[in-house]
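So the protein lines, in turn, are chains F and L.
So the first sequence is numbered by our numbering: it starts at 13 and just counts up by one.
So the second sequence is numbered by our numbering: it starts at 13 and just counts up by one.
Beta carbons are placed, not taken as given, at the ideal position from N, Cα and C, and that holds for glycine.
Quantities reported herein were computed from a predicted structural model and do not represent experimental measurements.
2 protein chains.
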Amino acid sequence: MTDSEARFTALMHRLGERHFRVTPQRVALLRLLAASEGHPSAADLYERLRAEFPTTSLATVYKTLTLLGELGEVLELGFSHDDNRYDGHRPYPHPHLICMRCHRIVDAQLPAGRDLEREVAQSSGFTIAGHRLDFYGLCPDCQHETENAESQTTKEETQ
Amino acid sequence: MTDSEARFTALMHRLGERHFRVTPQRVALLRLLAASEGHPSAADLYERLRAEFPTTSLATVYKTLTLLGELGEVLELGFSHDDNRYDGHRPYPHPHLICMRCHRIVDAQLPAGRDLEREVAQSSGFTIAGHRLDFYGLCPDCQHETENAESQTTKEETQ
DNA sequence: GTGCTTGCAAACAGTTTGCAGATAG
DNA sequence: CTATCTGCAAACTGTTTGCAAGCAC
C-alpha cells in the first residue's frame, strides 16, 4: 500500500467516523489531497476535479476543505491581502501572538532566538529574505471570558 | 525625546533621503505609525487619518504603506483568505519555504525543533492552539534564473 | 514647470453565502 | 424519507488600478 493510498483510507475513515456523507465529489477530492505532493490551492484542486466532475463547483471544494480543516485533516495556509496589519516600529520579522477570539496581536518574547533563517538556508539551498512566525491561541483575558459567557468582546484599540 | 518622536523622525528622514515627496498626508500617516502601539490595519489607520484629513482615501493609505514596506520601514503582516494553500498530508503546523519568484512551497527541515509553542505559552500566558512558521526567499532554481533573464517562469505543478 | 501624489470610482481575486434541487444513508 | 450536500449565482472584503486634478520641489 502506498503512502497516498494509506492517507486516502485514513481520510475516508475519518469522514465516515464522524457521519459525514461520503459523496463521489468528496471521495474524489480526498483522493486528490492524498495523492498531491505539494501545496495545491483551492483552484488547483477544483481544476483537477473538473476532469472527473465537469459540473463541480469551487464552492463545493471550499466547503469540503473547510470541513476537513475542522476535522484536523487538512492544514490551511493563508496568504495575504486580506485583513493585513502593519508594524511601523519593528519592520523586521519577529514572532507574534495572535488571539483567535479578540484578534489582539502582541509581540512574542522568544528566549534565545537561534538564527533560524541561516539554518534553513543551509539545509534547503534557498536564499532567505525573511520569515514569519505566528502563534495562534487565546490571550489571558479571553481564556477567562471563555470559561464564562460567549460575549464576543473585541479589543479594538489593542489590535 | 520619546520613542514615538524618535521613530517619527527616523521615518521622515527616510522619506526625504530617498527623495520621495513629503506630503501632509504622509506626514500624518508616519506620525500615526510612530505613535501606534499595536498592529493597526489599513482601515484603522485610514479611520484615524480622516480626523485630520476628511477627504483622504484608503487608496492613499495603501499606497503609502506599500511604499514604506518597500523602504523596509514597515512590516506587513498578511492574514488570509486569499490565495490559500492546503496540505492534506501533514495537517499540523510545520515550517514552509516559499519561493517569492515561482511561488513553489516546500516543507522546511528544521534541525532539532525546540518546543516553541510551550516556551511561548509560558512567557506570554497565552494558550497556544497552533502556529505558523514560513520562510520567504528564492529557491535554488530561481536563484539561477534571476542571474540571467527576467523570464518569469512559474512552476505550476510543484506549488 | 515637471512629475510625483492624491482621491475618487471602478476593477479585482479569492472566499463565502443563499437557496433550490439532488442524493446518501 | 429526511437531513445533508451540491452547484449555481450573487454577495462580500480587503486590496489594487486608472486617471484627472493637485501640489511638492
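Cα separation between residue i and residue j?
i               : j               : result
L41 of chain F  : F32 of chain L  : 50 Å
V73 of chain F  : R116 of chain L : 22 Å
A71 of chain L  : C114 of chain L : 28 Å
L61 of chain F  : A46 of chain L  : 49 Å
S135 of chain F : F65 of chain L  : 50 Å
A55 of chain L  : L87 of chain F  : 29 Å
P107 of chain F : Q155 of chain F : 21 Å
Q121 of chain F : L122 of chain L : 20 Å
R43 of chain L  : L89 of chain L  : 20 Å
G81 of chain L  : R26 of chain L  : 12 Å
D146 of chain L : G142 of chain F : 9 Å
T68 of chain L  : G50 of chain L  : 22 Å
C151 of chain L : P105 of chain F : 19 Å
T139 of chain L : D127 of chain L : 14 Å
A63 of chain F  : V34 of chain F  : 19 Å
R19 of chain L  : V39 of chain L  : 12 Å
L23 of chain F  : P36 of chain F  : 14 Å
P100 of chain F : E17 of chain L  : What sits at residue 100 of chain F in the sequence shown is Gly, not Pro. Going by the C-alpha atoms only, they are around 13 Å apart.
C111 of chain L : T78 of chain L  : 20 Å
R144 of chain L : T21 of chain L  : 34 Å
Taking buried to mean at least 16 other C-beta atoms within 10 Å of its own C-beta, is residue i buried or exposed?
i               : result
S48 of chain L  : buried
R97 of chain L  : buried
Y58 of chain L  : buried
V132 of chain L : buried
T76 of chain F  : buried
V118 of chain L : buried
E29 of chain F  : exposed
R130 of chain L : exposed
D15 of chain F  : exposed
L149 of chain F : Checking the sequence, you will find Gly at residue 149 of chain F rather than Leu. That one is buried.
Counting only beta-carbon atoms, is residue i nearer than 8 Å to chain L?
i               : result
R78 of chain F  : The amino acid at residue 78 of chain F is misidentified as Arg; the sequence shows Thr. No, T78 of chain F lies away from the interface with chain L (no Cβ there is under 8 Å from its Cβ).
G28 of chain F  : no
A120 of chain F : yes
P152 of chain F : yes
G143 of chain F : Just to set this straight, residue 143 of chain F is His in the shown sequence, not Gly. It does: the Cβ of H143 of chain F has a partner Cβ on chain L nearer than 8 Å.
E129 of chain F : yes
H108 of chain F : yes
E82 of chain F  : no
R43 of chain F  : no
R38 of chain F  : no
E88 of chain F  : yes
R113 of chain F : no
Taking the alpha helix (DSSP H) that residue i belongs to, which residues open and close that run?
i               : result
R19 of chain L  : D15 to E29
T68 of chain F  : Neither: T68 of chain F is in no alpha helix (DSSP H) and is coded neither H nor E.
A133 of chain L : L128 to S136
L44 of chain F  : P36 to A47
When you compare the CB of residue i with every CB in chain F, is at least one pair closer than 8 Å?
i               : result
M24 of chain L  : no
P52 of chain L  : yes
E85 of chain L  : yes
F147 of chain L : yes
Y98 of chain L  : yes
L61 of chain L  : no
F138 of chain L : yes
A71 of chain L  : no
V34 of chain L  : no
Y58 of chain L  : no
A46 of chain L  : yes
Q164 of chain L : With a pLDDT of only 41 at Q164 of chain L, under the threshold of 50, the placement of this residue in the model should not be trusted; the figure read from the coordinates follows. It does not: the Cβ of Q164 of chain L has no partner Cβ on chain F nearer than 8 Å.
Grab the span of the beta strand (DSSP E) containing residue i for me, first residue to last.
i               : result
A141 of chain L : T139 to L150
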